[in-house]
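Engineer:
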Amino acid sequence: MSAKWASVEYLATGANRQTAVADWSRSGLLAFGADVNVALWQPFDDPPKGILKLLSGHKETVKAVAFPPELEGDQDAYLISGSDDKTLILWKSRRGSHDFCPLQTFSEHEGPINCITAARLASEQPRWIVATGAADATIRIWMLEAGELRLLQIIKTAPKFFPLALSLATLDDDADVLVLAAAGTRDTIQILTADARVDAVQFSVQATLSGHEGWIRSLNFTKENKDPKSDLLLASASQDKYVRIWRFHQGHELPALAASGADPSSGAFLPGKSPSNKAYWLKSAGKDCSITFEALLLGHEDWIYSARWHTHADGKLQLLSTSADNSLAIWEADPSSGIWVSTVRLGEISREKGATTATGSTGGFWTGLWSPDGNSVACLGRTGSWRRWQYEPAQDSWKPCVAVSGHTKAVTGISWSRGGDYLLSTSSDQTTRLHTKWTASGANTWHEMARPQIHGYDLNCIDALGDSQFVSGADEKLMRVFGEPKAVATLLNRVAGIGGSDVEHMPDAANMPVLGLSNKAIDAVDEDQEIQPVDDRDREAMDPASMVKKSYLEINHPPFEETLSRHTLWPEVEKLYGHGYELSCLATSHDGKLIASACKASSTNHAVIRLFETERWTEIRPPLTAHSLTATRLRFSADDNYLLSVGRDRQWAVFVRAPEEEAMYKLLQANPKGHSRMILDAAWAPCENPVFATAGRDKQVRIWAAATSAEQDDARQLQFTQAAALPCGTSVTAVDFLPRLVHGKAVLAVGTEAGQLGVYLVGEDGSAIVQLSLPDELMLPKAVLQLAWRPAAALEGTDAHTLAVAGEDSTLRLLAFDETFLRTAGQ
1 MSAKWASVEY
11 LATGANRQTA
21 VADWSRSGLL
31 AFGADVNVAL
41 WQPFDDPPKG
51 ILKLLSGHKE
61 TVKAVAFPPE
71 LEGDQDAYLI
81 SGSDDKTLIL
91 WKSRRGSHDF
101 CPLQTFSEHE
111 GPINCITAAR
121 LASEQPRWIV
131 ATGAADATIR
141 IWMLEAGELR
151 LLQIIKTAPK
161 FFPLALSLAT
171 LDDDADVLVL
181 AAAGTRDTIQ
191 ILTADARVDA
201 VQFSVQATLS
211 GHEGWIRSLN
221 FTKENKDPKS
231 DLLLASASQD
241 KYVRIWRFHQ
251 GHELPALAAS
261 GADPSSGAFL
271 PGKSPSNKAY
281 WLKSAGKDCS
291 ITFEALLLGH
301 EDWIYSARWH
311 THADGKLQLL
321 STSADNSLAI
331 WEADPSSGIW
341 VSTVRLGEIS
351 REKGATTATG
361 STGGFWTGLW
371 SPDGNSVACL
381 GRTGSWRRWQ
391 YEPAQDSWKP
401 CVAVSGHTKA
411 VTGISWSRGG
421 DYLLSTSSDQ
431 TTRLHTKWTA
441 SGANTWHEMA
451 RPQIHGYDLN
461 CIDALGDSQF
471 VSGADEKLMR
481 VFGEPKAVAT
491 LLNRVAGIGG
501 SDVEHMPDAA
511 NMPVLGLSNK
521 AIDAVDEDQE
531 IQPVDDRDRE
541 AMDPASMVKK
551 SYLEINHPPF
561 EETLSRHTLW
571 PEVEKLYGHG
581 YELSCLATSH
591 DGKLIASACK
601 ASSTNHAVIR
611 LFETERWTEI
621 RPPLTAHSLT
631 ATRLRFSADD
641 NYLLSVGRDR
651 QWAVFVRAPE
661 EEAMYKLLQA
671 NPKGHSRMIL
681 DAAWAPCENP
691 VFATAGRDKQ
701 VRIWAAATSA
711 EQDDARQLQF
721 TQAAALPCGT
731 SVTAVDFLPR
741 LVHGKAVLAV
751 GTEAGQLGVY
761 LVGEDGSAIV
771 QLSLPDELML
781 PKAVLQLAWR
791 PAAALEGTDA
801 HTLAVAGEDS
811 TLRLLAFDET
821 FLRTAGQ
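In full-length UniProt numbering, the protein residues as written are 1 to 827.
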């Protein structure tokens with residue numbers, strides 16, 4: 001991509017909800033699984049830039065990601081990822097870079113891969129032992145050396161369990177003995193050891209640790225201190241709501257504490273239960289070692305998903321635990337008594353959990369990570385978004401920081417505001433999100449700034465109505481119209497420099513009744529105002545956790561996840577009824593006066609297009625008829641003179657504005673054989689004579705141009721004929737035209753079911769087509785579901801055009817195209 005005429009401007013996607021899904025490397029790069037991709041994020045970028053890159057290679061959900069431990073002098077960095085597609089991919093880049101390339105792909109496992117761990121061996125050349133656990137009830141041991149991963153051993157779990165957590169460590173600084181802890185869908189932990197001095201490393205089970213009473217989700221080893229003879233500590237986190245710490249002590253003698261029986265947590269036993277202080281013994285590579293139970297950490301109220309150690313530069317050892325109770329805790333041993341206590345608690349306060357999972361309880365934290373220096377922690381919540389805190393020594397407090405967020409399921413619809421100031425995206429994850437540039441930072445980076453709609457149904461389509469309203473359709477029979485609240489408008493004005501002039505008539509904010517789906521307008525409350533507890537029997541009762549205090553959005557940065565998911569809702573203005581089945585598509589006219597919509601249909605009766613006017617929000621009757629099956633896309637022409645519809649019945653239809661008709665539009669032309677298979681998308685070109693494109697499952701894009709009839713030069717006599725056909729090699733799922741001509745040519749973006757993107761220059765008469773090749777790095781691993789060029793109004797004074805891409809892989813991407821290149825290419 002030497003010309004760099006096309007580049008990625010913004011990537012947004014949510015993380016997969018798995019404990020082993022992320023890792024933070026020593027060089028400061030955080031990698032996490034996001035649908036089928038591995039996303040790379042540099043949390044310490046200042047100002048924050050969000051996701052840097054997406055690595056594509058897996059075919060199904062990525063569940064496990066790990067960086068093998070790095071040392072200062074290493075030239076290369078490696079990354080290992082495992083997925084539901086049963087494959088393991090080894091990635092490599094130069095240290096300090098994020099240009100990871102896939103080196104090897106392995107399909108040895110027979111089930112989805114759940115966890116990965118790696119330990120470095122003491123040798124002149126970098127060498128690692130890697131262990132992977134999968135849902136085939138096996139643990140596989142690998143050697144990573146000189147950029148190659150090779151399989152050493154297959155361990156079948158006995159008694160059978162599916163590994164969910166693995167941790168590898170060397171017993172001492174000599175690194176003669178490797179210790180592997182494995183656990184998962186049983187309440188015991190298996191300890192395996194191997195002699196690291198031999199090439200064919202072979203692990204064998206040495207002990208089974210009992211004590212937990214639920215599945216074990218996370219295991220992590222660390223050295224107690226920097227002494228070469230230091231004991232090894234293992235933390236285990238379980239669904240029984242407890243973290244246990246185990247001590248591995250070398251020699252024939254038990255550690256002093258276990259020998260005396262003076263267990264520091266003996267006063268904190270479970271009711272009726274006593275943690276067993278049995279000593280387990282290991283022998284490997286000629287070395288003896290005892291394992292004793294060290295401490296039981298009490299404090300979480302729900303399943304604990306992860307526990308991770310960090311040794312600070314001053315030698316202080318801390319443990320980070322994250323739980324489904326919406327909190328993360330940092331634990332350390334009291335210097336005088338040795339008792340482990342929680343010194344920091346971050347996340348949600350219990351009383352503010354909220355009664356509704358839509359905006360209240362965020363559903364817990366699935367994993368927690370330490371930054372390389374231990375001064376920052378990041379955790380992943382139910383919404384797929386990250387939250388990060390930074391330790392401020394001067395105040396001795398943890399301060400929240402801007403992190404990354406995104407959809408966790410297919411992005412089904414995108415729409416720019418009429419002026420192009422912001423982009424709305426909607427998804428099968430039942431949320432609508434608003435993205436715009438953070439101009440106040442000076443870096444002009446894109447971020448999610450509001451979450452206007454959090455719904456109980458999968459959302460299918462969306463379109464903007466002017467600059468402060470939008471309408472969306474879901475897997476329900478009605479459309480919902482939303483208006484911008486004052487709190488969000490002032491936030492966008494302060495942070496992004498948009499709107500803000502006409503806020504007086506807006507409601508303060510919105511929230512959602514506990515048992516409802518409609519966002520209600522509310523007044524923001526003052527900081528000191530008392531919030532009443534919720535009565536669950538009242539359908540209109542408001543969730544106290546979603547009450548909006550005026551101070552929540554008085555910020556000068558993109559909102560944090562807890563604010564996004566609760567305090568940036570938009571109030572619902574109107575519901576539009578009429579359809580008999582789930583909404584399939586909708587479109588708003590450019591003047592904002594009409595909404596056209598269609599629903600899923602298997603008969604002519606339901607395959608109608610309904611028009612609604614936005615002044616009184618009433619349906620204009622009768623509905624427009626043309627299709628016999630589901631209409632897949634509706635598009636108004638730029639002057640709103642024509643309405644184009646395409647459908648699964650392989651036909652397209654053009655309706656022309658007819659003010660004298662009751663229905664406002666009448667059928668101008670229908671082509672029942674527009675494509676040989678169903679038509680999935682369509683778009684109008686910004687040409688003087690009407691031209692549109694249709695995209696079909698028959699692997700073609702067809703361009704249709706208007707020719708007026710000889711008798712009358714009248715818009716109502718137009719007939720469209722095919723001007724060109726573009727073969728695309730695979731089903732075409734999305735098309736869109738740039739809203740203005742570039743050097744007399746229309747710019748057409750095309751997306752396919754295979755994730756390919758293409759850009760074509762089309763002559764004003766629909767012919768003379770030039771294809772521009774795009775770099776492979778811009779392609780998607782799954783289908784492109786929708787494309788939307790930024791409106792021309794937002795392009796004044798710039799030489800770049802922005803294309804929004806909605807992916808089935810849960811990504812929203814903004815691509816920037818250089819106008820100078822488009823001009824020269826079209827000559």
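Virtual Cβ for every residue (Gly too), placed ideally from N, Cα, C.
In this structure, how does DSSP classify Asp23 when only helix, strand and coil are distinguished?
Structural biologist: Residue numbering aside, residue 23 sits at position 23 when the sequence shown is read from its first letter. Note: Asp23 maps to strand in three-state DSSP.
Engineer: On the three-state DSSP scale, how would you describe Lys486?
Structural biologist: Within the sequence shown, residue 486 is the residue found at index 486, counting from 1. Three-state result, Lys486: helix.
Engineer: Just curious, the alpha helix (DSSP H) that residue 841 is in, first and last residue?
Structural biologist: Outside the modelled stretch of the chain, which goes from 1 to 827, sits residue 841, for which no answer is possible.
Engineer: Using 10 angstroms around the beta-carbon of Trp389, count the other beta-carbons present and answer buried if the total reaches 16, otherwise exposed.
Structural biologist: The residue given as residue 389 occupies position 389 in the sequence shown. Burial call: buried.
Engineer: Sort Ala783, Ala22, Gly28 by Cα distance to Val411 and report the nearest one.
Structural biologist: Translated into the one-based positions of the sequence shown, residue 411 becomes position 411. The shortest Cα separation from Val411 among Ala783, Ala22, Gly28 belongs to Ala783.
Engineer: If you follow the beta strand (DSSP E) that Ala64 is part of, which residue opens it and which one closes it?
Structural biologist: The count along the sequence shown starts at 1 and reaches residue 64 at position 64. That run of the beta strand (DSSP E) goes 62-66.
Engineer: Assign residue 831 to one of three DSSP states: helix, strand, or coil.
Structural biologist: Outside the modelled stretch of the chain, which goes from 1 to 827, sits residue 831, for which no answer is possible.
Engineer: Here's a check: name, in chain order, each residue in its chain whose Cβ is nearer than 7 angstroms to the Cβ of Thr820, leaving out the five neighbours to either side.
Structural biologist: Walking along the sequence shown from the start, residue 820 turns up at place 820. Closer than 7 angstroms at the Cβ level, and outside the excluded window around Thr820, lie Asp799.
Engineer: Suppose the cutoff is 7 angstroms on Cβ atoms and the five residues either side in sequence are ignored; what does the same chain contact list for Leu586 look like?
Structural biologist: The sequence position of residue 586 within the sequence shown is 586, counting from 1. Closer than 7 angstroms at the Cβ level, and outside the excluded window around Leu586, lie Cys461, Asp463, Val471, Gly473, Met479, Ile595, Ala596, Ser597, Leu634.
Engineer: Quick check on Ser468: does DSSP put it in helix, strand or coil?
Structural biologist: Against the sequence shown, residue 468 aligns to sequence position 468. Note: Ser468 maps to coil in three-state DSSP.
Engineer: Would Ser405 and Ser385 qualify as a contact pair, given that the criterion is a beta-carbon distance under 8 angstroms?
Structural biologist: Locating residue 405 in the sequence shown gives position 405, where the first residue counts as 1. Locating residue 385 in the sequence shown gives position 385, where the first residue counts as 1. In contact: Ser405 and Ser385 (Cβ atoms closer than 8 angstroms).
Engineer: Along the alpha helix (DSSP H) that carries Leu149, what are the first and last residues, could you check?
Structural biologist: Residue numbering aside, residue 149 sits at position 149 when the sequence shown is read from its first letter. Careful: Leu149 lies outside any alpha helix (DSSP H), inside the beta strand (DSSP E) at 148-156.
Engineer: Do the stretch 55-64 and the stretch 418-433 touch if we need at least three Cβ pairs shorter than 8 angstroms?
Structural biologist: no
Engineer: Looking only at C-alpha atoms, which of Gly763, Gly751, Val65 sits nearest to Gln786?
Structural biologist: For the purposes of this step, residue 786 is identified with residue 786 of the sequence shown, where counting begins at 1. Gln786 has its Cα closest to that of Gly751, out of Gly763, Gly751, Val65.
Engineer: For a test of the three-state rule: what should DSSP assign to residue 829, helix, strand or coil?
Structural biologist: Only positions 1 to 827 of the chain appear in the structure, and residue 829 is not among them; the question remains open.
Engineer: Starting from the C-beta of Ile89, find all residues in its chain whose C-beta is less than 6 angstroms away, skip the five residues before and the five after it, and write them out in chain order.
Structural biologist: Taking the first residue of the sequence shown as 1, we reach residue 89 at position 89. Hits under 6 angstroms: Gly57, Ser81, Pro102, Thr105.
Engineer: Using a Cβ-Cβ cut-off of 8 angstroms (strictly less than) and excluding sequence neighbours within five positions of Asn689, which residues of its own chain qualify?
Structural biologist: The residue you call residue 689 lines up with position 689 of the sequence shown. Excluding positions up to five away in sequence, the list reads Ala705, Ala706, Glu764, Asp765.
Engineer: Are the CB atoms of Val8 and Leu778 within a distance shorter than 8 angstroms?
Structural biologist: Here residue 778 refers to the residue found at position 778 of the sequence shown. Here residue 8 refers to the residue found at position 8 of the sequence shown. Yes, Cβ-Cβ distance for Leu778 and Val8 is below 8 angstroms.
Engineer: Let me know if Asp809 comes out buried or exposed under the rule of 16 or more other beta-carbons within 10 Å of its beta-carbon.
Structural biologist: Indexing the sequence shown from 1 puts residue 809 at position 809. Buried: at least 16 other Cβ atoms inside 10 Å.
Engineer: Could you tell me the distance, in whole angstroms, from the CA atom of Lys229 to the CA atom of Asp172?
Structural biologist: In the sequence shown, residue 229 corresponds to position 229, counting from 1. In the sequence shown, residue 172 corresponds to position 172, counting from 1. Taking the straight line joining both Cα atoms gives about 6 angstroms.
Engineer: Would you kindly work out how many angstroms separate the C-alpha atoms of Val742 and Val735, rounded to a whole number?
Structural biologist: Numbered from its first residue, the sequence shown carries residue 742 at position 742. Numbered from its first residue, the sequence shown carries residue 735 at position 735. Spanning the two alpha carbons is a distance of roughly 17 angstroms.
Engineer: If Thr604 and Thr632 are in contact, beta carbons under 8 angstroms, what's the gap, nearest whole angstrom?
Structural biologist: Here residue 604 refers to the residue found at position 604 when the sequence shown is read from its first residue. Here residue 632 refers to the residue found at position 632 when the sequence shown is read from its first residue. So it is not a contact: roughly 16 angstroms between Cβ atoms.
Engineer: Between Ser612 and the rest of its own chain, which residues show a CB-CB distance below 6 angstroms, the 5 nearest in sequence each way excluded?
Structural biologist: For the purposes of this step, residue 612 is taken as residue 612 along the sequence shown, with counting starting at 1. Residue identity differs from the one stated: residue 612 is Phe in this sequence, not Ser. These residues qualify, in order along the chain: Leu576, Ile595, Glu619.
Engineer: Are Leu380 and Ala146 closer than 8 angstroms when you measure CB to CB?
Structural biologist: Within the sequence shown, numbered from 1, the residue matching residue 380 stands at position 380. Within the sequence shown, numbered from 1, the residue matching residue 146 stands at position 146. The answer is no: Cβ separation not under 8 angstroms.
Engineer: In this structure, what does DSSP give as the bridge partners for Gly442?
Structural biologist: What you label residue 442 is simply residue 442 of the sequence shown in a count that begins at 1. Gly442 pairs with nothing; no bridge assigned.
Engineer: Pick out whichever of Thr614, Ala601, Leu553, Ser584 has its Cα sitting closest to the Cα of Asp591.
Structural biologist: On the sequence shown, residue 591 is found 591 positions in, with the first residue counted as 1. Closest by alpha carbon: Thr614.
Engineer: Taking only the alpha-carbon atoms, compute the straight-line gap between Ala15 and Ala39 and give it to the nearest angstrom.
Structural biologist: Counting from one through the sequence shown, the residue named residue 15 turns up at place 15. Counting from one through the sequence shown, the residue named residue 39 turns up at place 39. The straight-line gap from Cα to Cα measures roughly 8 angstroms.
Engineer: Quick check: the Cα distance between Pro159 and Gly368, rounded to an integer number of angstroms?
Structural biologist: By 1-based counting over the sequence shown, the position of residue 159 is 159. By 1-based counting over the sequence shown, the position of residue 368 is 368. Cα-Cα distance, rounded: 29 angstroms.
Engineer: What would DSSP say about Leu553, mapped onto helix, strand or coil?
Structural biologist: Taking the sequence shown and counting its residues from 1, one reaches residue 553 at position 553. Leu553 falls in the helix class under three-state DSSP.
Engineer: Return the residue from the list His312, Ala295, Glu448, Glu348 that minimises the CA-CA distance to Pro374.
Structural biologist: By one-based count along the sequence shown, residue 374 stands at place 374. The question names Pro, yet the displayed sequence has Gly at residue 374. Out of His312, Ala295, Glu448, Glu348, His312 has the C-alpha closest to the C-alpha of Gly374.
Engineer: Report all residues from its chain with a CB closer than 7 angstroms to the CB of Gly267; omit the five preceding and five following residues, and keep chain order.
Structural biologist: To locate residue 267, count along the sequence shown from 1; it is residue 267. The predicted position of Gly267 is uncertain, since its pLDDT is 41 and thus under 50; no value can be drawn from it.
Engineer: For Glu613, which of helix, strand or coil comes out of DSSP?
Structural biologist: Here residue 613 is taken as the residue at index 613 of the sequence shown, counted from 1. Of the three classes helix, strand and coil, the one that applies to Glu613 here is strand, per DSSP.
Engineer: Hey, quick one: how far does the beta strand (DSSP E) through Glu9 stretch, first residue to last?
Structural biologist: Your numbering for residue 9 matches position 9 in the sequence shown. 6-12 is the span of the beta strand (DSSP E), which, as asked, contains Glu9.
Engineer: Tell me the DSSP secondary structure of Gln125 in three-state form.
Structural biologist: Reading the sequence shown from its first residue, position 125 is the one you call residue 125. Gln125 falls in the coil class under three-state DSSP.
Engineer: By DSSP's criteria, Met479 is part of a beta bridge. Which residues make up the other side?
Structural biologist: As a working mapping, residue 479 is identified with position 479 in the sequence shown. In the DSSP output, where bridge partners are listed per residue, Met479 has Gly473, Leu576.
Engineer: CA-CA distance, Asp334 and Leu232?
Structural biologist: Counted from its first residue, the sequence shown places residue 334 at position 334. Counted from its first residue, the sequence shown places residue 232 at position 232. Approximately 18 angstroms, taken between the alpha carbons.
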